[in-house]
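Note sheet for the following structure.
Numbering (our numbering), first residue to last: 72 to 451.
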């Protein structure tokens with residue numbers, strides 16, 4: 072690796088709930104400089120209104136102090152499962168959910184802003200909204216962005232040092248070298264990525280998206296009210312970049328909206344070339360004054376332990392070996408990459424963690440990817 076990898080802040084995700092002393096030891100051994108801590112809305116404010124649950128909040132108060140004692144920056148993410156009452160009232164389809172989220176963020180900020188290095192309002196974020204023709208997702212998406220903007224403002228009022236959000240970005244590639252496929256791919260790219268960057272960075276949804284909605288579902292645009300876009304465009308200190316596999320787009324008369332969207336061929340899936348494109352495209356959109364990026368390399372691979380208990384985790388190692396150079400290449404091209412998140416610390420069966428957790432015995436087994444990440448972080 073180049074010296075650029077050593078200039079990055081390396082981070083790892085921590086699932087909800089307390090950490091055991093063994094987990095803090097693993098963090099120290101891994102050598103990362105930051106940890107993304109998910110503060111679950113449903114657990115800390117079960118009713119979606121009023122003061123936070125003191126016991127639940129206390130877990131994250133102590134965890135924040137534990138991380139600081141290790142020299143690890145706490146990056147607190149607020150997004151998560153909705154409180155049941157908020158979900159029952161319409162969830163993100165209801166505009167009131169944005170106000171509920173603002174209140175939740177204000178309570179968390181009052182408790183933790185004095186120690187948190189950064190807040191990430193939405194993570195792993197908005198996700199990639201469904202590609203056309205699933206236009207009905209637009210109001211929920213808009214309300215989530217509005218929640219981000221409201222939360223960002225109130226967090227700064229509580230003294231937050233840095234505020235950002237994350238989004239899953241994915242290239243859209245034409246399936247054939249045809250102008251029609253290129254136009255269709257541009258539309259899908261505007262939907263998948265521009266639906267976040269447009270309002271967040273420029274206080275405007277992409278023109279192709281607005282035209283699409285006006286043509287096929289104009290009532291959905293009623294979700295956007297005067298002043299919303301200015302709120303959403305509250306300046307960012309950080310932008311989290313999750314990477315999804317590219318979409319293969321083909322124009323097809325007679326199909327919904329005149330196009331088909333599918334996965335790329337297996338040989339291209341999650342290819343590093345797509346990640347480089349995402350990062351360089353973001354540089355063009357952000358400009359010189361844009362926020363720095365936190366890149367999430369969070370590939371998921373199930374890896375069964377060998378008879379001797381080891382978990383080689385070779386799929387994740389190959390993913391990291393292939394994609395970290397893409398991040399470095401983008402940085403060499405002038406993309407402002409602040410840090411890299413390399414998945415979760417503990418794997419509770421989802422395939423995301425660097426350490427296998429045996430739920431029955433509580434044993435922690437370092438996967439092969441744990442050693443790989445530790446070697447890169449420490450200069451190996």
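Backbone N, C-alpha and C define an ideal beta-carbon position, used for all residues, glycine too.
The C-beta of residue 193 has 16 or more other C-beta atoms within 10 Å across all chains shown, which makes the residue buried. Residue 115 and residue 187 do not touch by the CB rule: their CB atoms are close to 14 Å apart, not below 8 Å. Per DSSP, the unbroken alpha helix (DSSP H) holding residue 168 starts and ends at 167-183. The continuous stretches of alpha helix (DSSP H) do not include residue 149, and DSSP gives it neither H nor E.
In the DSSP annotation of this structure, residue 231 is not part of any beta strand (DSSP E), being labelled neither H nor E. Residues of the same chain with a CB within less than 8 Å of the CB of residue 139, apart from the 5 flanking positions on each side, are 145 and 186 in chain order. The residues 261, 262, 265 and 266, in chain order, have a CB closer than 7 Å to that of residue 280 in the same chain once the five nearest residues on each side in sequence are set aside. At the C-beta level, residue 106 and residue 128 stay beyond 7 Å of one another. In the structure shown, residue 281 adopts helical secondary structure according to DSSP, grouped into three states. The C-alpha of residue 403 is placed about 48 Å away from the C-alpha of residue 159. Cβ neighbours of residue 113 within its own chain (closer than 8 Å, five residues either side excluded): 151, 152, 153, 154 and 155.
Contact between the region 172-187 and the region 245-260 is absent, with fewer than three C-beta pairs closer than 8 Å.
Between residue 173 and residue 236, the C-beta gap is not smaller than 7 Å, which leaves the two residues out of contact. By the Cβ neighbour-count rule, residue 118 is exposed, with fewer than 16 other Cβ atoms within 10 Å of its own. Of the residues 303, 282 and 272, the one whose Cα lies closest to the Cα of residue 225 is 303. Looking at the DSSP output, residue 438 shares a beta bridge with 382. Within its own chain, the residues whose Cβ lies closer than 7 Å to the Cβ of residue 319, once the five positions on either side in sequence are excluded, are 244, 246, 333, 334 and 335, listed in chain order.
Boundaries of the beta strand (DSSP E) harbouring residue 82: 80-85, taken from the DSSP string. Per the C-alpha coordinates, the member of 121, 443, 350 and 365 positioned closest to residue 386 is 443.
Under the three-state reduction of DSSP output, residue 406 falls in the coil class, being neither helix nor strand.
The bridge partners DSSP lists for residue 144 are 105. Excluding sequence positions up to five before and after residue 274, its CB lies within less than 8 Å of the CB of 300, 301, 303 and 304, all in the same chain and listed in chain order. Put simply, of 417, 356, 377 and 448 the residue whose alpha carbon is nearest the alpha carbon of residue 391 is 448.
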